[in-house]
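In full-length UniProt numbering, the protein residues as written are 1 to 285.
Glycine residues also receive a C-beta, built at the ideal position from the N, C-alpha and C atoms.
Below is one structure, written out as C-alpha cells; the observations come after it.
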C-alpha cells in the first residue's frame, strides 16, 4: 500500500529531551526525534558516539535516564512485550549462533507476538513467514541452516524475521556492517522499498555516508554525547559538518560524490569515493 498524504503526517515514534546511558553515566543527551509513518531515518557518527545506545533505548531494551519515548502516543515502556513486538521489530548487531536451525525457523521466530500460549504455529503464520522470505529474496535459502549462510544472507534472513512481526517500525543497528557492496545495496534497497510501499518507518545507524545520502530522508548526527544536527542528509552533510563529525583533517568531503577526497601533500591527490554499487579509486594529478 502506497503512503498517502494523511499517513505521512502521522507521528509513529517520538522522543522528548531523551537522555540515554548506563547506570549514572550519560552517553547522549538532548535527543528530540519525531519519526513519521514511512519515514527513513539514519543515525550517523563515529564509533562510540552513542548511536547504538540511542537505538537500544528507542527499542525499549534500555530505560532512559531522562525524558520519554512515545510509540503511537503511548509511553513505550508501559507497553506489554507482545504489544510492543506487534508495532516494532529490532535487528541488532549481535551475531546469532543458533546451531542446526533452518532459515525458515529463524524467520518464523518473528511470529511469536501472534502465537497462542502454547506457541501454536498456524497456517497464517506459515504464510506470513514465506511472504517475508520472498520479500527479501531469501526464500530459496529456507531449508538451509542459518549458520551456513554468508553475512549478507544472514542479514536478509534477520530482516525477514523482523518483517514477519508485521511491524510499523523497524529499528536496525548497523545493518550493513560486515557486508560486501552487493549485499549492502540489496539490504538498503529492501529497506527503502518497505518505507515507500508498505509505509514502515525505518530507523537505523550507519557508517556509510553515501548510503545515508542515497537512501535516508532524515539524518541524526551524533558526537560526544550531543546531537550535532538533525535534518535531510543533503542539507546537513556538508564538508565542514562531516569534518567536525568525524574529526577529519586529511580529507575533504564531496557532497556530489558522496565520499572523501584524500589529501596527499607533496604528491598526487588520491580521490576515493563510494557510490551505491561500487568503490572507485582514482589518482588525480
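- The three-state secondary structure of residue 42, taken from DSSP, is strand.
- For the region 9–34, the continuous beta strand (DSSP E) assignments of 3+ residues that do not extend past its boundaries occur at 11–22, in sequence order.
- Cβ neighbours of residue 131 within its own chain (closer than 6 Å, five residues either side excluded): none.
- Residue burial is scored here from C-beta neighbours: residue 175 has at least 16 other C-beta atoms within 10 angstroms and is therefore classed as buried.
- The alpha carbon of residue 50 has as its nearest neighbour, out of 84, 25, 187 and 40, the alpha carbon of 25.
- Between the region 148–167 and the region 186–195 there are three or more inter-stretch CB-CB distances shorter than 8 Å, so the stretches are counted as touching.
- Proximity to residue 74 across 15, 162 and 23 peaks at 15, based on C-alpha coordinates.
- Assigned with DSSP and collapsed to three states, residue 93 falls in coil, not helix or strand.
- Residue environment for residue 205: buried (at least 16 other C-beta atoms within 10 angstroms of its C-beta).
- The bridge partners DSSP lists for residue 101 come to none.
- Secondary structure at residue 163: helix, using DSSP grouped into helix, strand and coil.
- Approximately 13 Å separates the beta-carbon atoms of residue 164 and residue 88; this is outside 8 Å, ruling out the contact.
- C-alpha of residue 81 to C-alpha of residue 249: approximately 46 Å in a straight line.
- Residue 173 carries a strand assignment under DSSP once its states are collapsed to helix, strand and coil.
- When only Cα atoms are considered, residue 71 and residue 159 end up about 21 Å apart.
- The three-state secondary structure of residue 218, taken from DSSP, is strand.
- Distances from the CA of residue 126 to each of 138, 137, 140 and 111 were compared; the closest alpha carbon is that of 111.
- Check the Cα spacing between residue 172 and each of 92, 226 and 19: the tightest is with 92.
- Contact between residue 30 and residue 199 does not hold, since the beta-carbon distance rounds to 29 Å and is not under 8 Å.
- The criterion of a C-beta distance shorter than 7 Å is not satisfied by residue 59 and residue 12.
- Between the alpha carbons of residue 233 and residue 121 lies a gap of roughly 42 Å.
- When the five nearest sequence neighbours on each side are left out, the beta carbons in the same chain lying within less than 8 Å of the beta carbon of residue 245 are those of 44, 45, 46, 221, 223 and 228, in order along the chain.
- Looking at the DSSP output, residue 69 sits in a beta bridge with 15.
- The Cβ atoms of residue 35 and residue 66 lie no closer than 7 Å to each other.
- In this structure, the beta-carbon distance from residue 156 to residue 142 does not fall below 7 Å.
- Per DSSP, residue 205 lies in no alpha helix (DSSP H); the unbroken beta strand (DSSP E) holding it starts and ends at 201–206.
- The shortest C-alpha to C-alpha distance from residue 105 to any of 86, 147, 179 and 69 is the one to 147.
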